[in-house]
Structure formats: C-alpha cells, structure tokens
Amino acid sequence: MLENQLLKIAQDFGSPVYVYDAEKIESQYKRLTNAFKNVKHLKINYAVKALSNISILKLFNSLGSGIDTVSIQEVQLGLVAGFLPEQIIFTPNGVSLTEIEEAAKLGVKINIDNLSILEQFGTKHPKTPVCIRINPHVMAGGNANISVGHIDSKFGISIHQIPHILRIVENTKMTINGIHMHTGSDILDIEVFLYASEILFETAKQFKNLDFIDFGSGFKVPYKQGDIETNIEELGEKLSSKFNAFCKEYGKDLTLAFEPGKFLVSESGSFLTKVNAIKQTTSTVFAQVDSGFNHLIRPMFYGSHHDIVNISNPKGRERFYTVVGYICETDTFGNNRRIAEINEGDVLCFKNAGAYCFSMASNYNSRFRPAEVLWYNNRAHLIRKRETFEDILNNQVEIDFASKKEKQLVK
Ligand SMILES: *Cc1c(COP(=O)(O)O)cnc(C)c1O
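Numbers 74 to 484, taken from our numbering, label the letters of the sequence shown in order.
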C-alpha cells in the first residue's frame with residue numbers, strides 16, 4: 074500500500090487504526106502454496122490467533138485455506154466465517170477435556186498434546202480420530218520464550234513418550250489420523266526444520282492410519298532491513314521431496330499441512346497512530362502517540378522491532394526520536410529511531426502490524442481498542458469499528474450502595 078493511501082485512511086477513519094492489505098495476504102498465501110506445488114495434497118491452515126477478524130478469516134476461506142484454532146471461541150469464529158468443520162483444526166494447549174469434547178462435537182479436527190487428555194478422550198470417544206502433537210525437542214531460534222520444542226516446554230507430547238502413546242492407542246482402540254509439530258515462532262534455519270521433520274517422519278511410521286502430517290509453523294518474516302527471513306522456496310523444495318519419499322514408503326499419499334500465522338499476515342498490517350506531543354528532555358526527543366501497549370504490546374512484551382515511518386512527512390529530514398505511547402506506564406515502541414522530522418499531529422505508521430497486534434490489544438487505561446480497516450480491491454473497508462464508551466461499560470454490574478441492589482450498566 075502507498076503511504077498516501079494509508080494517510081487518507083487515518084484521516085477518514087481516525088486514529089489509532091489498524092490497516093491490512095488483502096493483496097499482501099493473498100500473495101503470501103500463494104507464495105507458500107507455490108513453494109509446495111510438488112506435493113499432491115497440501116493444506117494451509119491459517120493460525121487464527123495471529124489476527125482473528127471475521128473478514129480476514131473470510132478472505133482466507135476464499136483463498137482455499139483452512140484454519141488452525143487454539144480455543145473453542147476461535148473454532149466458533151471460524152464457523153461464523155463460513156469454514157466447514159473439517160477445514161478447522163483445534164490445537165489447544167492446557168484446555169479441559171470438556172472443551173476438546175465440545176470442539177469434537179462440532180466436527181472439527183482434534184489435535185491433542187497431552188497424554189492424560191489423550192487417554193481420557195480415547196476412552197470416551199474411541200471412534201473420533203485425533204491428531205497428536207509431538208514435541209521433537211528441537212530448538213528453533215535462540216529465544217526461549219518463542220521456542221516451544223525444547224525439553225521443558227509445556228507444548229506437545231515428548232517423542233520419548235511414543236511408547237506410552239502407542240499403548241493408549243492400543244488400549245482404547247482410538248485412531249490417530251495425524252501427527253503434528255509446532256516448534257515455535259522464528260525458525261532461522263531450514264536445516265533445523267528439516268531435522269525436526271525427520272523426527273516427525275520416524276514417528277509417523279509407527280501409526281498406520283494417518284491422513285496428514287502437520288509441520289506447524291514458525292516461519293520468520295523480516296521486521297527490519299537486513300533481517301533474515303525463512304527461505305520458503307528452498308524449504309518447499311527440500312521438504313516436498315522428503316515428504317514425497319516418505320509417502321511412497323508409507324504407502325499412501327498423505328496431506329502435508331502447515332499452520333502459519335505470522336508469515337501470512339504480519340507484513341500486510343500497518344498500525345497508524347497520531348503524534349499527540351513532542352517532548353524534549355535533557356537526553357532525548359520523545360514523540361508521544363495516541364496509543365500504547367494496550368494496542369500494540371509486542372515491543373514491550375517480546376522486545377520486538379517494528380519499523381516506524383512518518384507518513385505525514387515522508388521526505389522530511391531524518392532525526393532521532395524515541396517513540397512512546399500515552400499509557401501511564403513505560404510503553405516505548407522504539408528507542409532512538411531515525412525518523413523523518415515529526416511535527417505534532419503527524420501520523421506515524423508501525424510496520425508488520427498484521428500478526429499478534431490487534432489480537433493482543435486490551436482496554437488498559439480504559440481506552441478503546443482501535444478500528445480495523447481492510448484495503449481490498451483498491452478501497453478501504455471498515456472491518457471493525459472503534460470501540461465506544463458503551464463497550465467499556467458493557468458487562469459491568471454496578472452496585473447501588475444505598476439500596477444494596479445491583480444494576481447492569483448496559484442492557
Ligand atoms: C501460534 C501458532 C501457530 C502460528 O505461529 P506463527 O509463528 O504465527 O506462524 C501455529 N500453530 C500453533 C499450534 C500455534 O499455537
């Protein structure tokens with residue numbers, strides 16, 4: 074999208090506002106499917122938690138994608154967006170057996186990552202096939218917060234516990250229809266991914282009724298100039314040939330599945346904020362925007378980098394700024410950034426704001442969550458209204474201390 078188109082959206086819809094470019098989402102989807110064109114059955118299940126707006130889900134539906142969900146509410150959102158139950162996979166962690174049963178009842182694919190739950194589910198519902206989430210114990214990337222394959226991770230069933238899985242399957246007569254892994258975001262190295270896939274193939278051989286193998290996600294996208302990104306084309310070539318060889322050996326053409334979030338939506342997103350004030354201190358110049366970690370928490374939560382561009386004055390002379398929010402807490406978006414000269418009232422654009430940005434937004438400081446706009450077919454479409462004060466009051470119950478009665482504020 075062009076900077077003047079973004080600026081026009083900030084003027085028309087107000088700020089702060091999230092903007093997503095449908096064309097970018099589509100091109101990422103096609104890039105991924107194209108990289109795996111040599112696989113007979115490929116299924117991309119978009120990870121809803123990255124960006125869960127219904128219109129985004131419908132866009133993925135129109136592209137032929139399925140969805141990966143981590144809560145019963147995400148399953149329900151998917152159904153509302155028009156996905157068929159069989160296009161939805163439920164991959165929760167740490168949820169109750171009841172929630173898994175609820176999802177199974179809706180007819181979605183079930184992915185279980187816990188031996189205790191597997192045994193209980195298999196005993197009660199031996200006729201419902203399930204996929205199992207394996208932990209191959211492969212470290213992806215260097216950050217322990219986003220590497221879920223290591224030995225003490227809470228995700229997946231350890232490959233060292235395969236004998237136990239097999240015993241549960243034998244005892245309950247349940248069917249295992251898929252093998253899954255998700256080693257966490259930020260796979261830097263294709264070799265690491267391929268190494269984990271070998272482990273998955275070895276595991277898969279022990280299950281005779283598989284329909285699919287799900288390689289999860291963790292594809293890295295560039296957040297700033299010089300960042301390494303996963304070479305999807307190279308991965309596609311190498312993994313496809315390994316997968317096809319495996320299918321031959323297994324004696325069945327299985328489906329190769331992926332469930333990317335970040336790769337599909339991160340770069341499509343821009344978050345537009347307005348500069349409320351410039352503040353000079355003895356050591357720095359702050360640009361204070363009409364947002365904070367209530368709207369975009371990644372920089373403070375994970376130390377993530379989001380490029381920041383002044384779209385009101387793109388040709389201005391570059392100066393150094395520390396971009397902060399309006400929350401009554403430290404909420405630094407970017408420290409000591411070189412940005413085209415900022416004046417109060419200018420609109421700053423945060424890049425890579427598609428994944429884990431709006432979906433992690435909150436009402437902290439009793440602020441409204443931003444509006445969302447989808448740029449589609451050369452036009453801006455409002456896909457979520459900005460919240461109003463009524464949303465802040467909604468569900469709150471007021472006690473009248475004089476009459477000692479309760480009153481719902483919004484009916
Ligand atoms: C979050 C998640 C994904 C998506 O990860 P990205 O890094 O956004 O691609 C995929 N699968 C599961 C099970 C997840 O929890």
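A virtual CB, placed ideally from N, CA and C, is assigned to each residue, including glycine.
Rounded to whole angstroms, the gap between the alpha carbons of V168 and H114 is 30 Å. Counting only unbroken stretches of 3 or more residues, the beta strand (DSSP E) elements lying wholly within the stretch 91-122 are 114-120, in sequence order. Beta bridge pairing from DSSP links V362 with V348.
T276 sits in a helix when the DSSP states are folded into three classes. With respect to V420, L75 sits apart: the two C-beta atoms are not nearer than 8 Å. Here the stretch 447-455 makes no contact with the stretch 346-362; the two share fewer than three CB pairs at distances below 8 Å. Ranked by Cα distance from I161, the first of Y399, S138, E172 is S138. For R240, the secondary structure class from DSSP, reduced to helix, strand or coil, is helix. Its Cα nearest to that of E307, the residue A108 stands out among A108, F423, G195. Contact check between the stretch 379-389 and the stretch 423-433: three or more CB pairs, one atom from each, fall below 8 Å, which counts as touching. As far as DSSP is concerned, G180 takes part in no beta bridge. Counting along the chain, F288 sits inside no alpha helix (DSSP H), nor does DSSP assign it H or E at all. The alpha-carbon separation between K178 and S144 amounts to approximately 14 Å. Looking at the backbone, the Cα of A154 and that of L130 are separated by about 6 Å.
In this chain, F431 is not harboured by any beta strand (DSSP E), its DSSP state being neither H nor E. Every alpha helix (DSSP H) of 4 residues or more that sits fully in the stretch 140-199 is shown, in chain order, as 145-153, 170-178, 188-197. In this structure, I232 and I272 form a Cβ contact; the two beta carbons are roughly 6 Å apart against a cut-off of 8 Å. Residue pairing by DSSP puts A444 in a beta bridge opposite V90. Short note on V211: C-beta not closer than 7 Å to any heavy atom of ligand 1.
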